[in-house]
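In this note's numbering, the protein residues as written are 303 to 538.
Shown next, in C-alpha coordinates, is the structure this report addresses.
Encoded structure:
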(Lines of atoms letter the chains of each structure in order from A and count residues from 1; the text may use other names and numbers.)
(Lines give C-alpha, C1' and ligand atoms only; values in the text may rest on other atoms or scores of the structure.)
Protein backbone atom coordinates (compact mmCIF):
# COMPACT_ATOMS: atom_id res chain seq x y z
CA UNK A 1 0.00 0.00 0.00
CA UNK A 2 1.42 3.39 -0.93
CA UNK A 3 0.17 6.77 0.27
CA UNK A 4 1.24 10.20 -1.01
CA UNK A 5 0.56 13.20 1.18
CA UNK A 6 1.45 16.81 0.33
CA UNK A 7 1.67 19.35 3.14
CA UNK A 8 1.44 22.83 1.63
CA UNK A 9 0.57 26.30 2.78
CA UNK A 10 -1.12 28.83 0.49
CA UNK A 11 1.24 30.28 -2.09
CA UNK A 12 1.80 34.02 -1.85
CA UNK A 13 1.67 35.90 -5.17
CA UNK A 14 5.42 36.62 -5.02
CA UNK A 15 6.36 33.11 -3.91
CA UNK A 16 7.62 30.21 -5.94
CA UNK A 17 7.19 26.62 -4.78
CA UNK A 18 9.80 23.93 -4.36
CA UNK A 19 8.90 20.35 -3.58
CA UNK A 20 10.90 17.92 -1.49
CA UNK A 21 9.85 14.26 -1.53
CA UNK A 22 10.74 11.82 1.24
CA UNK A 23 9.79 8.16 1.35
CA UNK A 24 9.12 6.34 4.59
CA UNK A 25 8.74 2.60 5.07
CA UNK A 26 6.85 1.41 8.10
CA UNK A 27 5.67 -1.97 9.28
CA UNK A 28 2.77 -2.68 11.58
CA UNK A 29 1.39 -5.88 12.96
CA UNK A 30 -2.35 -6.17 13.05
CA UNK A 31 -2.93 -8.36 16.10
CA UNK A 32 -6.57 -8.89 15.30
CA UNK A 33 -5.78 -10.22 11.82
CA UNK A 34 -2.65 -12.11 12.81
CA UNK A 35 -0.35 -10.91 10.00
CA UNK A 36 2.12 -8.13 9.20
CA UNK A 37 1.87 -5.60 6.41
CA UNK A 38 4.23 -2.92 5.11
CA UNK A 39 3.21 0.52 3.90
CA UNK A 40 5.31 2.92 1.84
CA UNK A 41 4.38 6.51 2.47
CA UNK A 42 5.66 9.29 0.21
CA UNK A 43 5.50 12.73 1.77
CA UNK A 44 5.80 15.74 -0.49
CA UNK A 45 6.87 18.76 1.52
CA UNK A 46 6.03 21.92 -0.40
CA UNK A 47 7.78 25.14 0.57
CA UNK A 48 7.39 28.57 -0.97
CA UNK A 49 10.44 30.79 -1.47
CA UNK A 50 10.13 34.55 -1.65
CA UNK A 51 12.56 36.00 -4.23
CA UNK A 52 15.61 37.94 -3.04
CA UNK A 53 15.33 41.73 -3.01
CA UNK A 54 16.64 44.87 -1.26
CA UNK A 55 20.20 43.59 -0.77
CA UNK A 56 22.31 46.13 1.13
CA UNK A 57 25.58 46.25 3.08
CA UNK A 58 26.49 48.58 5.92
CA UNK A 59 29.83 48.97 7.70
CA UNK A 60 30.38 50.13 11.27
CA UNK A 61 33.31 52.26 10.02
CA UNK A 62 34.94 53.13 6.71
CA UNK A 63 37.92 55.29 7.77
CA UNK A 64 40.45 52.79 9.12
CA UNK A 65 44.16 52.52 9.91
CA UNK A 66 46.10 49.59 8.49
CA UNK A 67 47.28 46.94 11.00
CA UNK A 68 45.36 48.72 13.74
CA UNK A 69 41.59 48.77 13.21
CA UNK A 70 38.78 46.20 12.92
CA UNK A 71 35.70 46.57 10.73
CA UNK A 72 32.36 44.72 10.64
CA UNK A 73 30.08 44.65 7.61
CA UNK A 74 26.50 43.40 7.74
CA UNK A 75 24.51 42.23 4.73
CA UNK A 76 20.71 42.38 4.80
CA UNK A 77 18.07 41.37 2.27
CA UNK A 78 14.39 40.58 1.87
CA UNK A 79 13.26 37.09 0.93
CA UNK A 80 13.20 33.62 2.43
CA UNK A 81 15.76 30.84 2.94
CA UNK A 82 18.61 33.24 2.21
CA UNK A 83 22.25 32.28 1.63
CA UNK A 84 24.98 34.92 1.99
CA UNK A 85 28.26 35.01 0.08
CA UNK A 86 30.95 37.74 0.35
CA UNK A 87 33.37 39.08 -2.26
CA UNK A 88 36.36 41.42 -2.38
CA UNK A 89 36.36 42.55 -5.97
CA UNK A 90 36.08 39.38 -8.04
CA UNK A 91 37.53 37.17 -5.31
CA UNK A 92 35.63 35.07 -2.80
CA UNK A 93 36.24 36.08 0.79
CA UNK A 94 37.45 33.11 2.80
CA UNK A 95 37.66 32.73 6.56
CA UNK A 96 41.10 32.93 8.20
CA UNK A 97 42.66 34.26 11.40
CA UNK A 98 41.78 37.86 10.48
CA UNK A 99 38.53 37.29 8.59
CA UNK A 100 35.46 35.81 10.28
CA UNK A 101 31.83 35.22 9.25
CA UNK A 102 28.95 35.08 11.72
CA UNK A 103 25.15 35.23 11.97
CA UNK A 104 24.74 32.64 9.19
CA UNK A 105 27.31 34.54 7.07
CA UNK A 106 25.37 37.80 7.29
CA UNK A 107 28.21 39.56 9.12
CA UNK A 108 31.79 39.87 7.90
CA UNK A 109 34.43 40.95 10.44
CA UNK A 110 37.99 41.85 9.39
CA UNK A 111 40.59 42.36 12.12
CA UNK A 112 43.84 44.36 11.77
CA UNK A 113 42.80 45.54 8.32
CA UNK A 114 45.24 45.57 5.41
CA UNK A 115 45.20 47.88 2.41
CA UNK A 116 44.18 44.88 0.30
CA UNK A 117 40.93 44.69 2.32
CA UNK A 118 39.65 48.00 0.95
CA UNK A 119 37.38 46.34 -1.61
CA UNK A 120 35.07 46.91 -3.31
CA UNK A 121 33.36 44.61 -0.80
CA UNK A 122 29.88 43.30 -1.51
CA UNK A 123 27.60 40.37 -0.74
CA UNK A 124 25.58 38.11 -3.01
CA UNK A 125 22.35 36.73 -1.54
CA UNK A 126 20.58 33.76 -3.09
CA UNK A 127 17.90 31.14 -2.51
CA UNK A 128 16.43 28.45 -4.72
CA UNK A 129 14.64 30.86 -7.05
CA UNK A 130 16.65 34.09 -7.35
CA UNK A 131 19.71 36.05 -6.24
CA UNK A 132 20.73 39.64 -5.64
CA UNK A 133 23.94 41.65 -5.21
CA UNK A 134 24.48 44.54 -2.84
CA UNK A 135 25.98 47.88 -3.86
CA UNK A 136 29.74 47.78 -3.14
CA UNK A 137 31.48 49.39 -0.19
CA UNK A 138 35.05 50.71 -0.50
CA UNK A 139 36.93 51.11 2.77
CA UNK A 140 39.25 54.08 3.27
CA UNK A 141 42.26 52.30 4.78
CA UNK A 142 45.04 54.69 5.77
CA UNK A 143 48.62 53.51 5.59
CA UNK A 144 52.18 54.51 4.87
CA UNK A 145 54.44 55.92 3.93
CA UNK A 146 55.81 52.53 2.87
CA UNK A 147 57.90 51.04 0.06
CA UNK A 148 59.90 54.26 -0.09
CA UNK A 149 62.50 54.58 -2.86
CA UNK A 150 65.11 57.17 -3.85
CA UNK A 151 66.57 57.64 -7.33
CA UNK A 152 68.91 60.14 -8.98
CA UNK A 153 68.70 61.48 -12.52
CA UNK A 154 70.61 61.20 -14.81
CA UNK A 155 71.04 57.50 -14.01
CA UNK A 156 74.81 57.13 -14.13
CA UNK A 157 77.35 55.70 -11.71
CA UNK A 158 79.22 59.01 -11.37
CA UNK A 159 78.07 62.51 -12.28
CA UNK A 160 80.34 65.09 -13.82
CA UNK A 161 80.88 68.37 -12.02
CA UNK A 162 78.84 71.18 -13.54
CA UNK A 163 75.82 69.02 -14.36
CA UNK A 164 72.32 69.40 -12.96
CA UNK A 165 71.09 66.49 -10.81
CA UNK A 166 67.65 65.60 -9.49
CA UNK A 167 67.00 63.26 -6.58
CA UNK A 168 63.44 61.86 -6.50
CA UNK A 169 61.79 60.27 -3.50
CA UNK A 170 58.59 58.21 -3.74
CA UNK A 171 56.47 56.16 -1.38
CA UNK A 172 53.09 54.47 -1.11
CA UNK A 173 50.59 56.13 1.18
CA UNK A 174 46.93 56.78 1.85
CA UNK A 175 46.09 59.63 2.17
CA UNK A 176 48.35 60.55 -0.77
CA UNK A 177 51.23 62.99 -0.94
CA UNK A 178 49.02 65.97 -0.11
CA UNK A 179 49.53 65.01 3.53
CA UNK A 180 53.25 64.34 3.15
CA UNK A 181 56.31 66.32 4.04
CA UNK A 182 59.72 65.27 2.78
CA UNK A 183 62.91 65.77 4.74
CA UNK A 184 66.24 65.67 2.95
CA UNK A 185 69.49 65.11 4.80
CA UNK A 186 73.02 65.33 3.39
CA UNK A 187 75.76 63.29 5.07
CA UNK A 188 73.53 62.99 8.15
CA UNK A 189 74.12 66.64 8.95
CA UNK A 190 72.73 69.25 6.56
CA UNK A 191 68.95 69.28 6.34
CA UNK A 192 66.81 70.42 3.42
CA UNK A 193 63.17 70.66 4.48
CA UNK A 194 60.36 71.01 1.97
CA UNK A 195 57.10 69.69 0.67
CA UNK A 196 58.62 68.47 -2.57
CA UNK A 197 59.59 64.88 -3.21
CA UNK A 198 62.40 66.13 -5.46
CA UNK A 199 65.72 67.74 -4.60
CA UNK A 200 67.54 69.47 -7.47
CA UNK A 201 71.24 70.33 -7.43
CA UNK A 202 72.34 72.87 -10.04
CA UNK A 203 75.94 72.88 -11.28
CA UNK A 204 76.98 70.05 -9.00
CA UNK A 205 80.55 69.89 -7.76
CA UNK A 206 82.57 67.39 -5.77
CA UNK A 207 81.39 68.94 -2.51
CA UNK A 208 77.89 67.71 -3.38
CA UNK A 209 79.06 64.10 -3.41
CA UNK A 210 77.97 62.08 -0.42
CA UNK A 211 75.12 60.38 1.38
CA UNK A 212 71.57 61.66 0.80
CA UNK A 213 68.62 60.55 2.91
CA UNK A 214 64.96 61.13 2.13
CA UNK A 215 62.36 60.77 4.88
CA UNK A 216 58.65 60.86 4.04
CA UNK A 217 56.22 61.73 6.81
CA UNK A 218 52.45 61.25 6.84
CA UNK A 219 51.01 64.05 8.94
CA UNK A 220 47.66 62.39 9.42
CA UNK A 221 49.07 59.15 10.82
CA UNK A 222 52.24 60.67 12.29
CA UNK A 223 54.35 57.99 10.61
CA UNK A 224 57.72 58.29 8.89
CA UNK A 225 59.74 56.14 6.51
CA UNK A 226 63.20 56.86 5.08
CA UNK A 227 65.77 55.62 2.59
CA UNK A 228 69.13 56.80 1.28
CA UNK A 229 71.43 56.88 -1.72
CA UNK A 230 75.09 57.65 -2.39
CA UNK A 231 75.79 60.41 -4.93
CA UNK A 232 79.12 60.37 -6.75
CA UNK A 233 80.40 63.56 -8.41
CA UNK A 234 83.70 63.65 -10.32
CA UNK A 235 85.75 66.64 -11.44
CA UNK A 236 85.38 67.75 -15.03
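Glycine residues also receive a C-beta, built at the ideal position from the N, C-alpha and C atoms.
The C-beta distance from residue 471 to residue 450 rounds to 7 angstroms, short enough to fall under 8 angstroms.
Taking the Cβ atoms as the reference, residue 533 lies roughly 14 angstroms from residue 505, outside the contact range of under 8 angstroms. Among the bridge pairs identified by DSSP, residue 419 is matched with none.
For a cut-off of 8 angstroms, the C-beta gap from residue 441 to residue 531 is around 35 angstroms, too long to register as a contact. Between residue 357 and residue 421, the CB-CB gap reaches or exceeds 8 angstroms. Distance between residue 517 and residue 524, taken at the CA atoms: about 13 angstroms. The C-alpha of residue 414 is placed about 15 angstroms away from the C-alpha of residue 361.
Ranked by Cα distance from residue 535, the options 527, 519, 512 are led by 512.
Scanning the segment 369-450 for uninterrupted beta strand (DSSP E) segments of 3 residues or longer gives 373-380, 385-390, 401-404, 409-412, 423-428, 433-435, listed from N- to C-terminal end. Ranked by Cα distance from residue 372, the first of 359, 416, 507 is 416.
In the structure shown, the three-state DSSP call for residue 524 is coil. When the Cα atoms are used, residue 510 and residue 494 turn out to be separated by approximately 13 angstroms. Remark: C-beta atoms of residue 354 and residue 381 approach each other more closely than 8 angstroms.
Judged by DSSP in its simplified three-state form, residue 510 adopts helix. Residue pairing by DSSP places residue 534 in no beta bridge whatsoever.
The three-state secondary structure of residue 504, taken from DSSP, is coil. In this model, residue 478 and residue 400 are separated by some 26 angstroms (Cα to Cα).
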